[in-house]
Amino acid sequence: MELIDSHTHLDFPDFDADRSALLAESRALGVRRMVVLGVHSGNWQRVWDLVQSDADLYAAFGLHPVFLDQHQPADLQTLGDWLTRLHGHRQLCAVGEIGLDYFIETLDRERQQTLFEAQLQLAADFQLPALIHVRRSHAAVIATLKRFKLKRAGIIHAFAGSREEAREYLKLGFKLGLGGAPTWPQALRMHRVLPQLPLESVVLETDSPDMAPAMYPGQRNSPAHLPAICAALAELMHVAPEQLAAASTANCCEVFDW
16 MELIDSHTHL
26 DFPDFDADRS
36 ALLAESRALG
46 VRRMVVLGVH
56 SGNWQRVWDL
66 VQSDADLYAA
76 FGLHPVFLDQ
86 HQPADLQTLG
96 DWLTRLHGHR
106 QLCAVGEIGL
116 DYFIETLDRE
126 RQQTLFEAQL
136 QLAADFQLPA
146 LIHVRRSHAA
156 VIATLKRFKL
166 KRAGIIHAFA
176 GSREEAREYL
186 KLGFKLGLGG
196 APTWPQALRM
206 HRVLPQLPLE
216 SVVLETDSPD
226 MAPAMYPGQR
236 NSPAHLPAIC
246 AALAELMHVA
256 PEQLAAASTA
266 NCCEVFDW
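See the structure below:
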């Protein structure tokens, strides 16, 4: 069973002590490729250095809404410079992590929106997919994406919306990222939504080191957990794990043009 982890933060210090061993363990379990996402200008070089050390790692660069107060006005120009310099490189796969976060009430929504739109424009300009963070902001994200109509679309990371919201994203060409969160017993809405999602619409992810699945409570999440996440989600979706893994892998390859 071959898997792709479409959303990790493997550059984070959480992995400094055992990153190489973890990558080897993940591969032994069938996780062949992994996407590492930048979240602010201070970690882009670290992300790129990491993916350059391993041919099966891929990089995305973005300005994450949660780090809004760290972002400087010049960072957008710097992001454009990075994308220009790396344009066409096989290990540059997307713009992300970008998006809107309305869960943290202290984050200025107008500034978030301006930053989100500027980065969607970069994704359009460089013909890259967008990897999108959405927390309690589905309506605003959907409305924004309808205006941009990205040709390459992308992935809605950690999708936790309704069936209707899922339908809107799918109409726009986006895939839905599924990870550890729906494996928890209290994720009742997702337990209802998951069986209604077509297999061609979903990709698997971990969000390592965050969003540990119910099978590993309180632990650091990692790509090595992806097979267990796949099995748990497949059960909720009433399909075989092999079916879900194959669909997710095919969908990732479609998104990233692999």
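Offset between the sequence shown (1-based) and our numbering: plus 15.
Even for Gly, the Cβ is constructed at its ideal location relative to N, Cα and C.
This structure is a prediction, so every number in the text was calculated from the model and none was measured.
- Beta-bridge analysis with DSSP links aspartate 20 to Met49.
- At the C-beta level, alanine 175 and alanine 196 come within 8 angstroms of one another.
- Separation of the CB atoms of proline 224 and phenylalanine 27 is rounded to 6 angstroms, and the pair is thereby assigned contact status at 8 angstroms.
- Around the C-beta of arginine 48, 16 or more other C-beta atoms lie within 10 Å, and the residue is accordingly described as buried.
- DSSP lists Val50 as the bridge partner or partners of tyrosine 73.
- Counting only the Cα atoms, methionine 252 lies some 24 angstroms from arginine 151.
- The beta-carbon separation of leucine 37 and histidine 55, rounded to 23 angstroms, does not stay under the 8 angstroms limit for a contact.
- By the neighbour-count criterion, in which a residue is buried when 16 or more other Cβ atoms sit within 10 angstroms of its Cβ, cysteine 267 is buried.
- If you draw a straight line from the Cα of alanine 139 to the Cα of threonine 129, it is about 15 angstroms long.
- Residue nearest to aspartate 116 within the set Val66, Ala246 and Glu125 is Glu125 (criterion: CA-CA distance).
- Contact check between the stretch 40-47 and the stretch 81-89: fewer than three CB pairs, one atom from each, fall below 8 angstroms, which does not count as touching.
- It is roughly 15 angstroms from the alpha-carbon of glutamate 215 to the alpha-carbon of glutamate 183.
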